[in-house]
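Trainee: In the order they appear, the protein sequences are chains A and B. Residue numbers for the first sequence follow the working numbering, beginning at 6 and rising by one. Residue numbers for the second sequence follow the working numbering, beginning at 6 and rising by one. A virtual CB, placed ideally from N, CA and C, is assigned to each residue, including glycine. As the structure is a prediction and not an experimental result, all values here were calculated from the model. There's a structure below that I have some questions on.
There are 2 protein chains.
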Amino acid sequence: MTQVRAMRADARRNYERLLKVAAEAFAEHGEGASLDDIAKRAGVGSGTLYRHFPTRRALLEAAYVDRVEGLARRADELAERLPPGEALTEWLYELCVGTIQVRGLGSLLGSAMAGTEGGVTPTVCGTRVRGAAERLVSAARGSGSVRGDVEPVELLRLAYGVAGAAELGGGGGASIRRYLTLLMEGLRG
Amino acid sequence: MTQVRAMRADARRNYERLLKVAAEAFAEHGEGASLDDIAKRAGVGSGTLYRHFPTRRALLEAAYVDRVEGLARRADELAERLPPGEALTEWLYELCVGTIQVRGLGSLLGSAMAGTEGGVTPTVCGTRVRGAAERLVSAARGSGSVRGDVEPVELLRLAYGVAGAAELGGGGGASIRRYLTLLMEGLRG
DNA sequence: ATACCGTACGGAGGGAGTCCCCGGTTCGCG
DNA sequence: CGCGAACCGGGGACTCCCTCCGTACGGTAT
């Protein structure tokens, strides 16, 4: 439905430069990074930016789609290598790390995990990350590492919360592990 | 140390109007509410606002000091009425509710729970809320509802995280209770 | 009761940013 | 090589923050 015709070469160049610069800017300044500044740093006019990405959210999502899909693939990788419970915990850990270190990614994931009651159109990132969580959680249930009455999306939200908690403390990866462990102990089957 | 001399009557009036309006505005729009707008709604010029509260944080803190002290008193009240474990859980629940419903209060509490490693001057709100948590946690430890190796401030941060998680889902008080329960089960002695 | 002094007020205004649009210009596909 | 697609970058309309300074009013001393 998108992309009715191939992009012109310069358009494609600019598009990709914008994505790269945007990913950096959002990582550093969070969701609210200056769009004019992103355009400037990418060496394009602001008009060009708005033509490719009509809204801030569109740019944010495009900038991190790769990363989110990587996260989803990583889930399957971990599922193969580790026992179900550990795979889940490790994946949530990496999710938290991304949420904290890359600030814009955090808000993107946040809205991906938000409720979809009000007929909100599900985003690509949302479906990817939810799908990954479902696969890991159902395996973990089988092995008794997670109670049967905990929904995958609830776990995602709790992990998001853990990231928020760890961010306050500032203890880095160690405090994420700690908080996540405390949480997972409460979820055993 | 403050208040070397009584405020003039009009100054006091304005001061209090500002506090009231600011509490509403921060509750609705979060920490970033427009200061010009607050001044306007309070019927004062923006200069007056800045004279009383030199920074946004100063206003935010002044607007919610009462509420935070109320929360601290509430801790002692609950401690008298309920068994230690329940008192702690209930208090954390009420903390989460405030964090979510009153958005500005959320960010204030957030920074109150943040790390103080870098010689940050502890705020009034920070000491109050930490003090309350310490009293409740030490009682709860005695009764075995909380493991001995969990610091009060860690619990505060985790509760803050739970609030964030519950906010994503939008299930209101019920989801706070649920997430908090899941968490507390992992913390038993 | 009044006059004086200084505190506190108001709101205009400059600077910074954001978003979006427009007109002329350049690029590159066919 | 021609023409349409895409670019550039400046500018307008907005919002927000914060400072400044002439002015008004409250409190007090007479």
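Would B:A63 be called buried (16 or more neighbouring beta carbons within 10 Å of its own) or exposed?
Mentor: It counts as exposed.
Trainee: My output table needs one value for A:V49: the three-state DSSP class, helix, strand or coil.
Mentor: It is coil, neither helix nor strand.
Trainee: Can you tell me which of the three DSSP states A:R183 falls into?
Mentor: Correct three-state label for A:R183: helix.
Trainee: Taking a cut of 9 Å between CB atoms, which residues from the segment 158-179 of chain B lie near chain A?
Mentor: Flagged, chain order: V158, E159, L161, R162, L163, A164, Y165, G166, V167, A168, G169, A170, A171, E172, L173, G174, G175 and G176.
Trainee: Exposed or buried, which one is A:T7 when buried takes at least 16 other CB atoms within 10 Å?
Mentor: In this prediction, A:T7 has a pLDDT of 40, which is less than 50 and means its spatial position is unreliable; what the coordinates show is noted afterwards. When all chains shown are included, A:T7 counts as exposed.
Trainee: Please report the straight-line C-alpha distance between A:S148 and A:V142, rounded to a whole angstrom.
Mentor: In a straight line, the C-alpha of A:S148 is about 10 Å away from that of A:V142.
Trainee: Using a Cβ cut-off of 8 Å (strictly closer), state whether A:Y184 contacts chain B.
Mentor: For A:Y184, the answer is yes, since a Cβ of chain B falls inside 8 Å of its Cβ.
Trainee: Kindly list, in the order they appear in chain B, the residues whose Cβ is closer than 7 Å to that of A:G115.
Mentor: Within 7 Å Cβ-Cβ: L173.
Trainee: Can you list, in chain order, the residues of its chain with a C-beta nearer than 8 Å to that of B:G35? Leave out the 5 residues immediately preceding and following it.
Mentor: These residues qualify, in order along the chain: R108, G109, G111 and S112.
Trainee: Are the CB atoms of A:Y165 and B:G169 nearer to each other than 8 Å?
Mentor: Yes, these two residues count as a Cβ contact at 8 Å.
Trainee: Can you look up A:P157 in the DSSP assignment and give me helix, strand or coil?
Mentor: Residue state, collapsed to three classes: helix.
Trainee: Under 7 Å between beta-carbons, which chain A residues line up against B:E99? List them in chain order, please.
Mentor: Within chain A, no residue comes near B:E99; the closest Cβ sits about 17 Å away, beyond 7 Å.
Trainee: When the distance is taken between beta carbons, is B:T104 closer than 8 Å to B:L114?
Mentor: Taking 8 Å as the Cβ cut-off, B:L114 and B:T104 qualify as a contacting pair.
Trainee: Taking 8 Å as the threshold (beta carbon to beta carbon), is A:T7 in contact with chain B?
Mentor: Its pLDDT being 40, under 50, A:T7 is placed unreliably by the model, and nothing is read from it.
Trainee: In terms of residues, what are the limits of the alpha helix (DSSP H) holding A:G131?
Mentor: Here the alpha helix (DSSP H) through A:G131 covers V129 to G147.
Trainee: When you compare the CB positions of B:A144 and B:C130, do they come within less than 8 Å of one another, or not?
Mentor: The answer is no: Cβ separation not under 8 Å.
Trainee: Are the segment 175-185 of chain B and the segment 87-101 of chain B in contact at 8 Å, needing three or more beta carbon pairs?
Mentor: Result yes; three or more Cβ-Cβ pairs closer than 8 Å.
Trainee: I'd like the list of long-range same chain contacts for B:V26, defined as Cβ closer than 7 Å, with 5 residues on each side in sequence excluded.
Mentor: So the list reads I43, R46 and A47, once near-sequence residues are dropped.
Trainee: Could you confirm whether any beta carbon from chain A is found closer than 8 Å to the beta carbon of B:L227?
Mentor: This structure gives no information on residue 227 of chain B, because the portion of chain B shown stretches from 6 to 194.
Trainee: Put B:E36 into one of helix, strand or coil per three-state DSSP.
Mentor: Here B:E36 sits in coil by DSSP.
Trainee: From A:R56, A:R79, A:M189 and A:R78, pick the residue whose C-alpha is nearest to that of A:S150; which is it?
Mentor: Answer by Cα proximity: A:M189.
Trainee: If you reduce the DSSP assignment to three classes, tell me which class B:V70 lands in.
Mentor: Helix at B:V70.
Trainee: Counting C-beta neighbours from all protein chains within 10 Å, is the total for B:R133 16 or more, i.e. buried, or is it exposed?
Mentor: It is buried - the Cβ of B:R133 has at least 16 other Cβ atoms within 10 Å.
Trainee: List the residues of chain B whose Cβ lies closer than 7 Å to the Cβ of A:L24, in chain order.
Mentor: What A:L24 touches in chain B: nothing, since even the nearest Cβ is about 26 Å away.
Trainee: In terms of residues, what are the limits of the alpha helix (DSSP H) holding A:L87?
Mentor: First-last for A:L87: undefined, no H or E at that position.
Trainee: Below 8 Å between beta carbons: does that hold for A:E66 and A:T126?
Mentor: Not a contact, by the Cβ cut-off of 8 Å.
Trainee: Quick check: the Cα distance between B:P157 and B:A32, rounded to an integer number of angstroms?
Mentor: Their backbone Cα atoms lie some 26 Å apart in a straight line.
Trainee: How big is the Cα-Cα spacing for B:R78 and B:L97?
Mentor: Distance between the alpha carbons of B:R78 and B:L97 is about 13 Å.
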